[in-house]
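Structure record follows, encoded as structure tokens.
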Amino acid sequence: MNGITHATALWYASRATGVVSLVLLTLVVVLGVLVNRQGRLPGLPSFAVTGLHRSLSLLAVVFLAVHVITAVIDPYVTIGAAAILIPFVSPYLPFWVGLGAVALDLVIALIITSLARGRMPRRAWRWLHWLAYAAWPVAFAHGLGVSTDLLSGGLRVVAISSALAVGGAVLWRVSQAMKATPRPERAAAVLAQGDDPPRPPRGDIARSERTSRRRPPREHRAGGPVSPPDDPAAGPRNPAIGTAAR
Amino acid sequence: MGKKLRVDPISCTGHGLCAELLPELISLDEWGYPILADGPVPRRLERLARRAVTDCPALALALVREKPAHGRAG
Amino acid sequence: MTSPTALAHPRFSLTEPLPVPVPGHPAQLPRLLPRHGAVPVRLADHLRGRGPVPYRGGPGQLIREVAAAGLTGRGGAAFPVHRKLAAVAGGPQPVVVGNGAEGEPASSKDKSLLWISPHLVLDGLQLAAEAVGSRTIGLYVHRNPRLLRHLQIALAERLDARVDRAPVELIEAPPRFLAGEASSLASVVTGGAALPRLKEPRLSERGVAGRPTLVQNVETLAHLALIARYGARWFRSAGTSAEPGSMLTTLHQASGRTDVAEAALGTPLTDLLRLADAGAVLVGGYHGAWLTTAEAAGLRLCNASLRPAGAFVGAGVLAALPAGRCGLAETARVVRYLALESAGQCGPCFNGLPRMASALAFLALVDGPGSARRGMASRWPDPAAARADLERWTGLVEGRGACHHPDGTARLVRSALRVFAAEAGRHCQGQCTGTEARPFLPLPPEPAIDAADWS
Numbered sequence: 124m125n126g127i128t129h130a131t132a133l134w135y136a137s138r139a140t141g142v143v144s145l146v147l148l149t150l151v152v153v154l155g156v157l158v159n160r161q162g163r164l165p166g167l168p169s170f171a172v173t174g175l176h177r178s179l180s181l182l183a184v185v186f187l188a189v190h191v192i193t194a195v196i197d198p199y200v201t202i203g204a205a206a207i208l209i210p211f212v213s214p215y216l217p218f219w220v221g222l223g224a225v226a227l228d229l230v231i232a233l234i235i236t237s238l239a240r241g242r243m244p245r246r247a248w249r250w251l252h253w254l255a256y257a258a259w260p261v262a263f264a265h266g267l268g269v270s271t272d273l274l275s276g277g278l279r280v281v282a283i284s285s286a287l288a289v290g291g292a293v294l295w296r297v298s299q300a301m302k303a304t305p306r307p308e309r310a311a312a313v314l315a316q317g318d319d320p321p322r323p324p325r326g327d328i329a330r331s332e333r334t335s336r337r338r339p340p341r342e343h344r345a346g347g348p349v350s351p352p353d354d355p356a357a358g359p360r361n362p363a364i365g366t367a368a369r
Numbered sequence: 273m274g275k276k277l278r279v280d281p282i283s284c285t286g287h288g289l290c291a292e293l294l295p296e297l298i299s300l301d302e303w304g305y306p307i308l309a310d311g312p313v314p315r316r317l318e319r320l321a322r323r324a325v326t327d328c329p330a331l332a333l334a335l336v337r338e339k340p341a342h343g344r345a346g
Numbered sequence: 018m019t020s021p022t023a024l025a026h027p028r029f030s031l032t033e034p035l036p037v038p039v040p041g042h043p044a045q046l047p048r049l050l051p052r053h054g055a056v057p058v059r060l061a062d063h064l065r066g067r068g069p070v071p072y073r074g075g076p077g078q079l080i081r082e083v084a085a086a087g088l089t090g091r092g093g094a095a096f097p098v099h100r101k102l103a104a105v106a107g108g109p110q111p112v113v114v115g116n117g118a119e120g121e122p123a124s125s126k127d128k129s130l131l132w133i134s135p136h137l138v139l140d141g142l143q144l145a146a147e148a149v150g151s152r153t154i155g156l157y158v159h160r161n162p163r164l165l166r167h168l169q170i171a172l173a174e175r176l177d178a179r180v181d182r183a184p185v186e187l188i189e190a191p192p193r194f195l196a197g198e199a200s201s202l203a204s205v206v207t208g209g210a211a212l213p214r215l216k217e218p219r220l221s222e223r224g225v226a227g228r229p230t231l232v233q234n235v236e237t238l239a240h241l242a243l244i245a246r247y248g249a250r251w252f253r254s255a256g257t258s259a260e261p262g263s264m265l266t267t268l269h270q271a272s273g274r275t276d277v278a279e280a281a282l283g284t285p286l287t288d289l290l291r292l293a294d295a296g297a298v299l300v301g302g303y304h305g306a307w308l309t310t311a312e313a314a315g316l317r318l319c320n321a322s323l324r325p326a327g328a329f330v331g332a333g334v335l336a337a338l339p340a341g342r343c344g345l346a347e348t349a350r351v352v353r354y355l356a357l358e359s360a361g362q363c364g365p366c367f368n369g370l371p372r373m374a375s376a377l378a379f380l381a382l383v384d385g386p387g388s389a390r391r392g393m394a395s396r397w398p399d400p401a402a403a404r405a406d407l408e409r410w411t412g413l414v415e416g417r418g419a420c421h422h423p424d425g426t427a428r429l430v431r432s433a434l435r436v437f438a439a440e441a442g443r444h445c446q447g448q449c450t451g452t453e454a455r456p457f458l459p460l461p462p463e464p465a466i467d468a469a470d471w472s
């Protein structure tokens, strides 16, 4: 294979894996919000949502690794190995490549803390994991600036959908958190529900259709003014699969 | 010494993941919050228990060494 | 009954009767409060009557004396004081906080003690701080402008007279039931809201601002100040051998009068409460238990006597429910208050307690043509269904919160269902023992409205 074809192959590989990484990271962020809001995927138990969130993030790292390595060894442009992790030192497009390095650093921090989950203080873990909300926009900006791929054609559709997906998920999360009943008011909210005349029996604030092993599924709760923090508004649910494949 | 499951009721938001992973030891009350079975975790379930601890989105579950009870600080 | 004077006692409401010590008990009593009246004891009189503050000169010296005396906490948990002192004494830069926020609406002993004998409490605070090697001292009191001013003056006097070795910071507690809970206290003193935290790590290891913290009820500190002066043997001359000493009680008589009285542990309850006009007795406050008058008549003010009967001494709140009152209705009101006082942190508590309150309110209604119970038709078809739910929920909340709020509430509910079982039956027949609609057990007029009420 002559040098030019080799370079082209590497360059294309880098761009392709870059796009795939962005799509995977988009899915990871959306799934992360879904986990936090106790959302479910149809037909799957809730540990599937966390499992998918984790698996896709690891897959994203793999694609990121290929993306970064092919970009560096590709002789078409000079980037330099140091620019992988150190922002703004690349001779080629230092700013845009630099953003990519920042995003990669953040993703690496996220992966390391996730592997250390349970071995570090709970609050520290949460704060560090919020870096995800910084990593995605930086990665997205990197993608927009480092090549024109995302600006036209099919890839533009991909870029816009990704941005809408993440934007929508984040807006939803923020609005849910803002609507949530502050903790000291939760008991009063439950008490207020109880006083309402004809309503489905024993509606509760956490969820209405969760099947528990102690009683049969209940009907959907009719409306309700409050939505406590970290518990999503009630929605149709699928029964938990108790002893299904883990 | 055996290990026991402990839930932090302040962090727990009732995701219910733990009960799905470990129905032998954890069931959910009618509001979605976990009820832990008494006694130590059986050896064969220890790996699953560890997974439930790591997977809990609120990091509310913990596996602790059994401690002899002593008086509370009032 | 002595009519309340505006200056004599700090109040949340002026209609409460003035608490006075009950005379006629063993010669050593009263120890904490003056024999008669509710006039605050001045510093000069206090020092003249009791002697100077017996500083030991170094940390750790007092602990042995306290251990020999067998002093236990008077805030409700009755934990051995010397163990708490020893646990905190080893730590770096410990903090000492006197807990005067009784939280419990039915208890007046701590505010009475702080009003009448503040110097005894403040002596105890200094001595405890010396014993654990602390120079960071706080006094945690409910927001009450008159009491706070009174305490500020007392503290200023002491600093001027060089009675206090370290300054004491007054910290205001929000008017919440759980504000007096030890971890809530630590949270407020650190600068946060009055929300309970987990038991681990213990306050004696990591409390206020991460430092080892000693939290002691103000009455406990007063006893400590006396033990330091008169010794362990003197302290043990009242009370029982297993539960030595005396304690302050808040007595709600069936006549409507409320007294704060000091009694030796082991005193028969009939010496404290007039049971002749009572239909039932509440022992231990709103996290305590109801007893029938027959049961109460045979019991004494000590855990050895009360625990086998399903009750406990707690913070010494005793109430004799007058014969013409409905115990179910009283309990329902109290449980509603307790539900609204949930910190809302733990699912079983903020879900269970309000539902228990609704069920109990349903049982407290009286059946009959056109009655309120019929109007609440949809939630429960009949009282048996409500009772079944109530019993299930009571079982679900116990032991599943970070603090003992759900446990205490469950205890109260269980005892009410037992003691007022006959009353519940009467309600189903359309009758009720209650001839008075006026509530008996005291509750604050304003419930907590929003999160701001917790700081």
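Sequence order for the protein chains is A, B and C.
The first sequence begins at 124 in our numbering and counts up by one.
The second sequence begins at 273 in our numbering and counts up by one.
The third sequence begins at 18 in our numbering and counts up by one.
Positions of the beta carbon are idealized from the N, C-alpha and C atoms, including for glycine.
Taking 9 Å as the threshold (beta carbon to beta carbon), is residue i in contact with chain B?
i	result
Pro-260(A)	no
Phe-186(A)	no
Pro-168(A)	yes
Under a CB-based cut-off of 9 Å, is residue i close to chain A?
i	result
Asp-127(C)	no
Pro-462(C)	no
Val-313(B)	no
Val-336(B)	no
Arg-182(C)	no
Leu-297(B)	no
Leu-293(B)	yes
Asp-327(B)	yes
According to DSSP, is residue i helix, strand or coil?
i	result
His-53(C)	coil
Pro-325(C)	helix
Asp-276(C)	strand
His-63(C)	helix
Asn-368(C)	helix
Arg-81(C)	helix
Arg-242(A)	coil
Pro-135(C)	helix
Ala-306(C)	strand
Ala-295(C)	strand
Ala-363(A)	Low confidence applies here, because Ala-363(A) scores a pLDDT of 28, under 50, leaving its location unreliable; read the following figure in that light. In the structure shown, Ala-363(A) sits in coil (DSSP, three-state: anything other than H, G, I, E or B).
His-421(C)	coil
Thr-285(B)	coil
Leu-216(A)	coil
Arg-160(C)	coil
Ser-125(C)	coil
Ser-151(C)	coil
Give the interface partners of residue i over in chain E, defined as CB-CB distance under 9 Å, in chain order.
i	result
Pro-281(B)	No chain E appears in this structure, whose protein chains are A, B and C.
Determine whether the Cβ of residue i lies closer than 9 Å to any Cβ atom of chain C.
i	result
Ala-247(A)	no
Gly-288(B)	no
Glu-302(B)	yes
Leu-314(A)	yes
According to DSSP, what are the bridge partners of residue i?
i	result
Gly-256(C)	Pro-261(C)
Arg-278(B)	Ala-334(B)
Might you give, ordered along the chain, the residues of its own chain that have their beta carbon closer than 7 Å to the beta carbon of residue i, omitting 5 neighbours on each side?
i	result
Ser-432(C)	Ala-306, Trp-307 and Gly-327
Val-151(A)	His-176, Leu-179, Ser-180 and Ala-183
Ala-226(A)	Ala-258, Val-261, Ala-262 and His-265
Leu-147(A)	Leu-179, Leu-182, Ala-183 and Phe-186
Leu-316(C)	Leu-286, Ser-322, Leu-323 and Ala-326
Take residue i and list the residues in its own chain whose beta-carbon comes closer than 6 Å to its own, dropping the five residues that flank it on each side.
i	result
Thr-285(B)	Ala-330
Ala-136(A)	Thr-193
Gly-290(A)	none
Would you mind giving the Cβ-Cβ distance between residue i and residue j, rounded to the nearest angstrom? I have them listed as a contact below 8 Å.
i	j	result
Val-325(B)	Lys-275(B)	Not really, about 10 Å apart at Cβ, beyond 8 Å.
Ala-346(C)	Gly-451(C)	6 Å
Leu-139(C)	Arg-175(C)	6 Å
Phe-96(C)	Gly-87(C)	Their Cβ separation, rounded to whole angstroms, is 12 Å, which puts Phe-96(C) and Gly-87(C) out of contact at 8 Å.
For the ligand HEM, is there any heavy atom lying closer than 8 Å to the beta carbon of residue i?
i	result
Val-297(A)	With respect to small molecules bound, the structure shown includes none, and the ligand HEM cannot be examined in it.
Once you ignore the five residues that flank residue i on each side, which residues in its own chain have a CB closer than 8 Å to its CB?
i	result
Met-243(A)	Thr-236
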